[in-house]
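Residue numbers (this note's numbering), protein chains in the order written: chain E, 1 to 564; chain W, 10001 to 11028. Inspection log for the structure reproduced underneath, given as C-alpha cells.
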C-alpha cells in the first residue's frame, strides 16, 4: 500500500519581524495563521423568484439574469486513482507510478475495477470488471482499494491550493471543485491566463481535470462533466450550450436517467421541452429546480471551503528578557489565548511547541505532549512548568511563539488513582493520564512506558510495552488467562543454567522440581516459534524459579523468571 | 522396550467436529491401531457424522475395538463424554443428539439437563473437569443421573500443573466416590497436526493466527500418544481403568438393523405377493395384447432375484412415491442400477421398454455384489417439492429425512480461509486463488505466485501452501443432499442423529450417501429435472391446442425423421445432446436407434474423453478400424460398444472377467475410482488389476490400456443404467422439437432457466424452424408463453408476461385475471384494475407490452410515469395535462430495449443493423460459411453467446458467436486466447479473422485474430453464458 497523501503545505504565516526565522518545524506542518478563517460566503445570486408558468409552457423561460458571477468548475474524473499516488506536494521525489494501477471497490463481496490508468486500460482493464478478471488480463496490475478518505483529503488539499486563485472555493461534490472567478480575472491577466494557470498547476500536481466556466455553478459543473472544456461567460449562450448536454452529465440518480432515456429524453434540451407540470409530477420538483438553478433562474448559494486551522501566536517584547518568571508569564498568556482559540472551536490538541527567539542564535524550542487531547491552559501550564525548569536558554529572549498541533476532539476523563502522601498530608488525586504526563514531562518520553498483557502462550510475548503518548484506544487488552502460572519477574533474556547429570543448578545447588512440565509448542507462524518444557523449581533458599529446556534436542537448562 | 501397559483412548475428536479436530477419522483409527491401543472412541462433539468412516476402516486397520460416543457440552458449561455401551445406549445417544441439534440453529446445539431426563441409559459417561480441575457445579445432578456409570476423566496435557491436577482430582474422586480414568482430549492423530489444529481454531474464531492468543492450545499434546509416553505421564491404575471401561462396551455399527417401512403393504399380503400382484397388473397395462414369452421369462427371473435379495420393500417404496407423482400428474422417470428392469417398467417407475434394448438385469443388480439397489427418480423440477412433502407426510419427519452432504475444503475455500488466518488481505487471497487453478495437490507453480505479486520463497507463502494442502478434503459443514431420502420403519433418530437443515422445515441425518451405502441403508434419490417439466408442458400444450394426447411411452418410437434431425446436429433445446460438444459429435456418430442415443449420452463426458475412448469408438463405428477382442469374455462385455469401454458398468465387469475381481471387489474399485484423484492413486487395485489380467493371459499393453481408461474415467464415469433412462428423454424431446416445435419452444421458455441456451437463442432457433412468434402484449399474453392459432389454424407462439424482467408472477397473474372483464384500454386502467404499482407499469412499458394502449415505448413510459392511484374522494376526476412531443424510438433503440427487458427481440437481429459497419471489415455471415471451402480464410463477427473452456481440451477455448443468420463456432487455441485475452474477456461483439474448418456437416472457424467491436453495440446488453 502506498502512503496516504498529505494535504498540501500552505504556509502562510509571517515570521515575526526582524527575527531570525528558525528552520523547519515538523510539529506544525501546515500552520495557517489563526486569523485566516473566513466566514462562509452565502451570498445568493441571481433573481429570487420562481415564476409561475403556464401548464403547457416549456420549462426554459427565456429570461436573462445579469451576470454577476463567473464560476470555474474543476471536475476530477480520475480522483480515486490519482489520489493514490499522493501527487500533491510531490516535491520530495515521490516517484511516478511504476506499475499499471487500478482502483478497486467492493460491490456485493466482489472487488470490481473502478478506474484504471492508461497502461491498464490499454491491456483491456476497464471499469466494472471483477478484480480477478482484470488480473487475468494483466497479472502485473497493481490494485488499490478505494479510499474515500484519501480522496477527500486530496480534494481538500486541492481546494486549499486553489485558494490562491479565488477567495471563494467550494467543494461541490466528491470530485468537483468550484471557484468563483469574476473577481479574480483582473488579478490574473484575464480569463485565458487564469484558466491556463489553473490547468497547468493541476497537471503538475498530477491530476486530470476537466475544467468548464459558466455563469452558474451548476451549469459549470454539468459542462465540466461533459468533458467539453466549455467557457461561457454570457448567460445568453448558456441555454444553447446546456441544451446539447447529455443527461448523463447531470449526475442525477440512475433510476431517473433510465426513466428519462426510456422516454427518448436524452439531453438537457429534451428535458427543457417537457411540460413543467408533467415533469414535476413524474420526477419531482427537485430536478426541475436544478434545471432552473443551472439556467440562472434561481439562486444557488454555495459554501466556501475553509482550510484547516492551527493556532500560532507571537509575543514580541520590547527588549531582551532573561527573567524566567517573566517568560513563564508570557507563555501563560499565550496559553490563555490558545485556550480561547480551542474553546471557540470545541477542540483540543495533543502537542504544543514554544519557540523562544533570540537576537543572534537559532530559536530555542520546547515541545510538550499530552496523552489526550487537551485545551486547558492551566493543565498545559503545569506541564510547561515542569519542563521549563530544565530548559537552558543560551541567550536572552526577544520573542515567544506558541504553535499548536492538529486540532482533535476532546475525550472524556478516565478514572483516578489515589496516592497516599505522608500521614496527615492532604490526599492528592491524579488520573492515570495526568500521572503519565507528569512523569513524561519530568523524565522524558522514552523513559515512561505502558505495559499491557497480550494473549500469547509464548512468555516473552505475553507482555508488551509502548509509549504512553500513542493512541490508547487502538489497544485492546485481551483477557489474561487466570489459570496460567507465570512468574512476576521475568528475565529479559533466558539465562543459561549449569547442569549436573541433567539436573539444573542455580547458585551452586541442584534445583528441585515442584511441578511440570508445562509444554509450550507454539508460535510457528512467525520466525520465533518455541518448543519448550517449563518447570517450576525450587532453589535452596526456597525461592521458586521458572526454568525450561528446549524439547527438540538435548538442550541445556535456562532460567526464565522468578515467582513472587 | 516393549510396553506392558494397556490403554484405551475414550475421548477423541475427529475433523467431523468441524474446525476443532485436525485429523480424519480414518487417520485416528489407523494410528490407534498402530500404537496398539485396546480401543479408540470417536467422540465428536454432539455428532455421529464421522463414525461410519471410522467404522469402515477399523477392521482393515486392525483396531481392536472402535467405541462410539460423543462429547457433549451442557449450557451450564459442563463437559461430558458419553460412550454407547450397547445398541440401546447408541440409540439413546442418537436421540439425545437429535434433541440437542433440533433445539438449536443449524450447525449448533443446545443441551440442558432436561434432555437427560431418561438418564441416557446404557451410556458410560466421562466427566471432564474444567481448567481449574473443579467439578462441584451441578455435581449432585450429574452423580444422581449417571451413578455407577460415571468416571472422572484425568487429562494430563502438560500444562505445568499436572501434579496439582492429579492430586486435586484424586481428592475429588474420594470425596464424590467416583473412579478416575485416563483420557487424552485427542484432537489429532499425531503431534505434527498441531499447526493445522491452530489454524482451524483461528478459522473457527474468525481471527488471525497471531491474534488468536489463548484460543490456541499451548502445545500439541492432544494427539494419540504412544503407550510408553502415556505410561510415564499417567499412574498405571488410571490407564488400566480405561481398558476396563472399554471392556465393558460391546457395540459395533454392524449391529444396526435397518428395516424397510412396511405400511405400503396392504393387509393380508406379504411384500412378495404384493409386488407380484402389482407387476402383473402392470404387465396387463403395458402389453394389453399379452406378454411375449421372452418378457414373461425375464420378469419371472427378476422377481426371483429380487426375492432372493429381499428387495421387495425397496421396489414397493419407490413404486409408492412414483404412484403418488402419477396421481398428481407429475412426470417422473427412474434411473439407476435397479430402475431399468422389466419389473420397474411394469411398476411404471421407468418408461424404458425392456423390449427396446437388450436389458440384462444382472448387469445392474447382482446377487454377489453386496450393495443395496439404487433407484434415482427424476421429477419435474418445479414440482419436486410436492413429492418431498408427500414423503414427509406419509412417513412422518421421524422416519424420513434427507441424507447429508459433507461439504469439504476445496483448494479455493482452503486458500481463502488459511490466507485470512495468516493475515493476507482479501485482495492478496483473491490473486492467489486464481493461481489455485494450477494447484496439483502439493504445490503451485512459483511463477503463478510471482504473478500474484507474492514471493514464492517467503515463509508465509510456504506456510500457506503447506496448510492449504493439509486442509483440502477436511469437512467444513454438513449440508443437505440434493434429494437422497432415507426412509425407515423405526424412527430415524434411533439409527442416526437428525439435525436441522438450512431450509426451514427440512431435517437432515448426520450421515452422507456413502455412509448409508456402507451400512446398507435404503435410499431413494428424489431429484428435480428441468427437462421433465418442459416435456410435461409440451404434452399439456399440445393437448390444450388440438386435443392430441401423448405420454413418455406413447410418443412414436424410432421415428427416422427424428434421427435425421439428430444426425444433422439440429438439437438446440433437446435434453443432453444440445451442448456444442454434443452437437459437433452428432453428425459423426450418426445415431440411428435408441441404443445409439444411450451411447451418445454417455460418451460425450469428461470421463470417456479423458480416457480417449471417443475416437476409437468413432473409427470403429465408421468401419475405419477393425473391432477385435482379446478374448471371448471381454467380447461379452464390450461387444455392444464395439470393444471400447464406455460405461462404468463395463469397467467393473472387465475387472471381473479379465482380472478375476470378485463382484464385491469390483464395487470397491468403482468407489476408489471416484476418489483416486483426492487420495492419489488407486493403490492396491492397480497391481491387482494388472497382475490379474496378466495371469489370465492378456498382454501387458492391453492391461495398461484398460487401467489408463479406468483412471481417465475418474469421477466422471457414467453408468449405462442412467444413460438408458436419459436416452429416452433425449428421444422424446427430440421428437417434440422435430414435430411440435412451437409447443416445445413454448414449454422450454416457460421452464427457464434450464439447458445451455438463452430464451433469445431458443426463439431464434424456432424462427429458423418456421415457428412464428408474437410479442408480449398486455391484452393477449398470459403469464406463461402460450400457443395461439394463426389464420390457417397452425400453432404460433405468443410470448408471455414472464419474460418481462422485473414483473412479479403475482402481478402478472393479476393482469391476466382482471383481463377476463375486458381488455385494457389505457395505462391508468392497469393501475386501477390490476392494482399494479408504478414500477411494474414502468417495466411493462419498457417491454413494449403496452404498445396497443399508448403507442411506442417512449410514449408508454411517459404515460405510465404519470399514472396515479385514483384519489378516494374524487375517483373519477379526470386529469388533463399537456402531451409532450416525444421522439419515436428508432429500431435500434427498440432492439436495445427489447433485449434489456425480455432478453430477446422479435425485430431484426442487432447485427443486421450493424452489417453496414461490419462490411467494411469484410465479415461473412454464418449462413455463407458452408458454401466456402475447408481451409478458406474468413472473417466473421457476431454477438458472443457462449464461452466454454472444457477441462478436457488442454487450454482450448470454444466460443459461439451469433449473427443474423445463425451461429458460428469458434475454436481458440491457447496461444491466441492468451494473446487476445482482453478482447476475449470483454467483447460482446467479437470480430474474428480465421480459417474455416469443415468436416462433413461440422463447421468451425479457427481464430487467428480477435477484434472487440462492442462499442458498435452501444447499450445493448448481451448475456454470454460462460461454462468451464
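C-beta: ideal position from N, C-alpha, C; glycine also. Being a predicted model, the structure only gives us computed values, none of them experimental.
Where residue i sits in the DSSP three-state scheme
i               : result
residue 9967/W  : Limits of chain W in this structure are 10001 at one end and 11028 at the other, which puts residue 9967/W out of reach.
residue 10133/W : coil
residue 172/E   : strand
residue 10476/W : strand
residue 10496/W : coil
residue 10018/W : coil
residue 477/E   : Only weak support is given to the placement of residue 477/E: the predicted model assigns it a pLDDT of 38, under 50, and the value that follows is read from those uncertain coordinates. Three-state DSSP puts residue 477/E in coil, outside helix and strand.
residue 10489/W : coil
residue 10352/W : coil
residue 56/E    : Unreliable placement is indicated for residue 56/E, whose pLDDT of 42 sits below 50; no coordinate value is reported for it.
Minimum Cβ-Cβ distance from residue i to chain E less than 7 Å
i               : result
residue 10545/W : no
residue 10214/W : yes
residue 11104/W : Absent from the structure is residue 11104/W, since the part of chain W shown begins at 10001 and ends at 11028.
residue 10333/W : no
residue 10887/W : yes
residue 10158/W : yes
residue 10858/W : yes
residue 10986/W : yes
residue 10427/W : yes
residue 10218/W : yes
Environment of residue i [buried if 16+ CB atoms lie within 10 Å]
i               : result
residue 271/E   : buried
residue 10735/W : buried
residue 10921/W : exposed
residue 247/E   : buried
residue 10430/W : buried
residue 10643/W : buried
residue 370/E   : buried
residue 372/E   : buried
residue 10691/W : exposed
Interface flag, residue i vs chain W, CB-CB below 7 Å
i             : result
residue 144/E : no
residue 490/E : no
residue 345/E : no
residue 27/E  : Note on residue 27/E: pLDDT 29, under 50, position unreliable in the model; no value is reported.
residue 518/E : yes
Cutoff 7 Å: residue i Cβ touching any chain B Cβ
i               : result
residue 10790/W : The chain inventory of the structure shown lacks chain B, comprising the protein chains E and W.
Task: Residues of the segment 10998-11012 of chain W whose Cβ lies closer than 9 Å to any Cβ of chain E, in chain order - done: 11012
Please identify, using Cβ separations under 7 Å, the residues of the segment 185-204 of chain E that lie next to chain W, in order along the chain. none
Exercise for review: Taking only beta carbons into account, state which residues of the segment 265-290 of chain E come closer than 7 Å to chain W, listed in chain order.
Suggested key: 273, 274, 275, 277, 278, 281 and 282
field: Stretch pair the segment 10568-10587 of chain W + the segment 10546-10560 of chain W: three plus CB contacts closer than 8 Å
entry: no
| request: Report yes or no: do the segment 542-558 of chain E and the segment 496-514 of chain E share at least 3 C-beta pairs separated by less than 8 Å? | output: yes
Original post:
For the segment 10739-10754 of chain W against the segment 10529-10549 of chain W, are there 3 or more C-beta pairs whose distance is under 8 Å?
Top reply: By the Cβ rule, the segment 10739-10754 of chain W counts as touching the segment 10529-10549 of chain W, because three or more pairs are nearer than 8 Å.
_Please identify, using Cβ separations under 8 Å, the residues of the segment 10832-10851 of chain W that lie next to chain E, in order along the chain._
10842, 10845 and 10846
Going along the segment 10186-10215 of chain W in order, which residues come within less than 7 Å of chain E, judged by CB to CB distance? 10194, 10195, 10209, 10210, 10213 and 10214
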